[in-house]
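Worksheet: one structure, shown below.
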Amino acid sequence: MDAPLDQLSRRTLQASPTLETLRFDNSFARLPAAFHTLLAPMALPAPYAVCVSTDAAALLGLDQAELSRPDFAPYFAGNRLLPGSQPLAAVYSGHQFGTWAGQLGDGRAHLLGEIATPAGSWELQLKGAGPTPYSRFADGRAVLRSSIREFLCSEAMAALGVPTTRALSVIGSDAPVHRESVETAAVVARLAPSFVRFGSFEHWHARDRHAELRILADYVIDRFRPALRDMAKPYEALLADVAQRTADLIAQWQGIGFMHGVMNTDNMSILGLTLDYGPFGFMEAFDASHICNHSDPAGRYAYRMQPRIGHWNLLALGDALQSLIGHPDTIRAIVDDNYLTTYDAHFKRLACAKLGLLTQQEGDEDLLGETYGLLQRQRLDYTNFFRALSRLPAAPAREARAQTDAVLRDQFIDREAGDAWLIAWRARLAREASIDTQRQASMLATNPKYVLRNWIAEGAIRKARDGDYSEVAKVLECLRHPFDEQAEYEHYATLPPDWASALEVSCSS
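Every position in the sequence shown, counted from 1, becomes a number in the working numbering once 30 is added.
Pasting the structure below:
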């Protein structure tokens, strides 16, 4: 009798599901009651769809017909429960700006459960769906401004190849929300294999609840990293795995010039995903000390600090796992051996790829240092510099060099400094007999033309506030193909307009 049922399950998974036939599992809800609070979202008054990602929907097998249904907005605002879902808010704690903040938890997010697909399970979470027991007297809502930013950046990062949570939709409402000013409410539907954070472990460690800590570690291993179960010391292996994935993630952030803005331990994914998009930013005029978060005047989460903070956060996670691993020296060695070495190696590979170096040779670190020093001194636009470099030949004819190099030289304040650097770069290419067509194709696939600059997001938000969501859709379509030339979106690759200098982003959302 079992076989026909299994075949039926497989056929159901392979068929394009409807909203009512999404297959929920709800494994996190099966953890002991101390891990969460079961509760339904709070209805959003008169919800309407602001934007939907067809790419994220495809992860669940949903087609355009399902996304266009009149009841899509009520479902993904939390007004109606998807059949089989079991909404809950999870508890966690964390360090915020380096200070222990105690219990935090999903103050405005409701996990509906995991949706099974042929490619694996995706947790579906509604952010901004009303207060929970972890709201700390807040309203449990998110505003349209921050919801659009998270939606666009989640999908942009995925297209850039960076591990990230995904965003399925933004559902808006005219309901007022009070922040620095009165704004309107919105709910983001987010997807991830898991939303477990470093702070999820810190919570139990801080309370000396070793049994719950072990339950959570076993849950993560058995569900997401089953190969670690067979290792002699699975909890040490888990910490090593998280350290490596976090190192890879932050190396990719640095490589594309992404700044998270609020790398608190409760915003660090145990799976190495970019999690919780708030006051993020992409580097424009290069400054290694740039702070993208107006709420971070000390610069704890500045661009140059991100690798160091990743290490600090991993040590905090390791400390939380001490009852499962043992001596702090062991924890330190695991983090150092797996994070520091992985980060250094991965960032060097990425930086060399950005320069079109297909091999690694002696002296490359000096060239990388000179490159980033040049970017810093000249305040070159990070994305545009590497994109323009991607098209330059390795050995242009002397008489054609000025015209050939103009696209890059025109970015420099000091053109002589730029010329001197280009000589060094080309000399390095000559040492590996670089072939222009191959190298340029590789560089163009490494160095994006389009990133979500703050002024681009702000332009979409301003129109959306007036009820025009067309710019959100245009920006999303552009960012789905960040490495492609797209003539209709050329203006998104230009330098920031003058009004953008007054933009500030903060933790308010």
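Every residue, glycine too, gets a C-beta built ideally from N, C-alpha and C.
Which residue comes first and which comes last in the beta strand (DSSP E) that contains residue i?
i: Arg166; result: That residue, Arg166, is in no beta strand (DSSP E); it is neither H nor E in DSSP.
i: Gly124; result: 123–126
i: Ser199; result: 196–208
i: Ser151; result: 150–157
i: Gly399; result: Premise fails: Gly399 lies in the alpha helix (DSSP H), 394–408, not in any beta strand (DSSP E).
i: Val80; result: 78–82
i: Trp130; result: 129–133
Quickly, what does DSSP pair residue i with across the bridge? List them, please.
i: Gly311; result: Met289
i: Met298; result: Thr304
i: Leu118; result: Leu68, Leu141
i: Asp411; result: Ala315
i: Thr147; result: Gly150
Kindly indicate which three-state DSSP category residue i falls into: helix, strand or coil?
i: Val226; result: coil
i: Arg220; result: strand
i: Ala215; result: strand
i: Asp32; result: For Asp32, the predicted model reports a pLDDT of 38, less than 50, meaning its position is unreliable; a value from the coordinates is still stated below. Helix at Asp32.
i: Phe54; result: strand
i: Val505; result: helix
i: Asp93; result: coil
i: Val192; result: coil
i: Val173; result: strand
i: Glu534; result: coil
i: Cys322; result: coil
i: Met261; result: coil
i: Leu38; result: Note that Leu38 scores a pLDDT of 44, beneath 50, so its modelled location is shaky and nothing firm can be said.
i: Asp498; result: coil
i: Phe513; result: coil
i: Arg456; result: helix
i: Tyr480; result: coil
i: Thr276; result: helix
i: Ile443; result: coil
Please identify the residue among the options whose C-alpha is closest to the C-alpha of residue i.
i: Ala149; options: Ser325, Thr195, Ala186, Pro223; result: Pro223
i: Phe65; options: Leu118, Ala76, Ala86, Ala79; result: Leu118
i: Ala189; options: Asp248, Val481, Arg445; result: Val481
i: Glu501; options: Tyr519, Ala86, Ile465; result: Tyr519
i: Leu347; options: Asp394, Ala241, Leu269; result: Leu269
i: Ala418; options: Thr372, Asn477, Ile286, Glu462; result: Asn477
i: Ile300; options: Gly287, Ala328, Tyr249; result: Tyr249
i: Val505; options: Asp514, Gly497, Gly489, Arg495; result: Gly489
i: Arg110; options: Ala457, Ile339, Ala159; result: Ala159
i: Ser464; options: Ala383, Ala447, Trp485, Val82; result: Ala383
i: Pro75; options: Arg171, Leu92, His235; result: Arg171
i: Gly287; options: Gly311, Leu303, Ala273; result: Gly311
i: Phe442; options: Thr467, Tyr412, Arg469; result: Tyr412
i: Gly308; options: Leu174, Asp359, Arg334; result: Leu174
i: Ser26; options: Trp342, Ser230, Gly91; result: No statement about residue 26 is possible, as the shown extent of the chain runs from 31 to 539 and does not include it.
i: Ser176; options: Arg421, Glu144, Val437, Val217; result: Val217
i: Leu525; options: Asp396, Glu314, Glu242; result: Glu314
i: Gly497; options: Thr214, Ala425, Phe231; result: Thr214
i: Gly340; options: His125, Ser57, Asp93; result: His125
i: Pro71; options: Gln94, His235, Arg138, Leu97; result: Arg138
i: Pro62; options: Ala460, Asp394, Val121; result: Val121
i: Gln470; options: Ala424, Leu452, Ile453, Arg492; result: Ala424
i: Leu69; options: Ser115, Glu446, Leu452, His235; result: Ser115
i: Asp349; options: His240, Gln433, Glu429; result: His240
Just curious, the alpha helix (DSSP H) that residue i is in, first and last residue?
i: Val437; result: 431–439
i: Asn109; result: Premise fails: Asn109 is in no alpha helix (DSSP H) and is neither H nor E.
i: Pro565; result: In the structure as shown, the chain starts at 31 and stops at 539, and residue 565 therefore has no counterpart that could be examined.
i: Ile339; result: 336–350
i: Ile465; result: Looking at the DSSP string, Ile465 is not in any alpha helix (DSSP H), and its letter there is neither H nor E.
i: His240; result: 240–254
i: Ala494; result: 484–495
i: Lys378; result: 371–384
Can you tell me whether residue i sits near the ligand NAP, meaning its C-beta is under 7 Å from at least one heavy atom of the ligand?
i: Lys384; result: In the structure shown, the ligand NAP is absent, as is every other ligand, since no ligand is present at all.
Using a Cβ cut-off of 8 Å (strictly closer), state whether residue i contacts chain D.
i: Tyr331; result: In the displayed structure, chain D is absent; only one protein chain is listed.
Hey, is the segment 279–292 in contact with the segment 376–386, meaning 3+ C-beta pairs nearer than 8 Å?
As far as the Cβ criterion goes, the segment 279–292 touches the segment 376–386, which means the pair count is three or higher.
With a threshold of 8 Å, are at least 3 pairs of Cβ atoms found where one atom belongs to the segment 168–186 and the other to the segment 497–515?
Counting Cβ pairs under 8 Å, three or more are found: they touch.
Pair every Cβ in the segment 403–416 with every Cβ in the segment 310–330, then say whether three or more of these pairs are closer than 8 Å.
In short, these stretches touch, since the Cβ pair count reaches three.
Measuring CB atoms only, is the segment 383–396 touching the segment 355–368, in the sense that at least three cross pairs come out at less than 8 Å?
no
Would you call the segment 154–161 in contact with the segment 80–87, where contact means no fewer than 3 C-beta pairs closer than 8 Å?
Segment contact: the segment 154–161 against the segment 80–87, fewer than three CB-CB distances shorter than 8 Å; contact not assigned.
Does the segment 162–176 come within contact of the segment 242–257, defined as at least 3 CB pairs closer than 8 Å?
no
Cβ contact (3+ pairs, closer than 8 Å) linking the segment 196–216 and the segment 97–110
yes
Check whether the segment 290–299 and the segment 258–266 are in contact - that is, three or more C-beta pairs closer than 8 Å.
no
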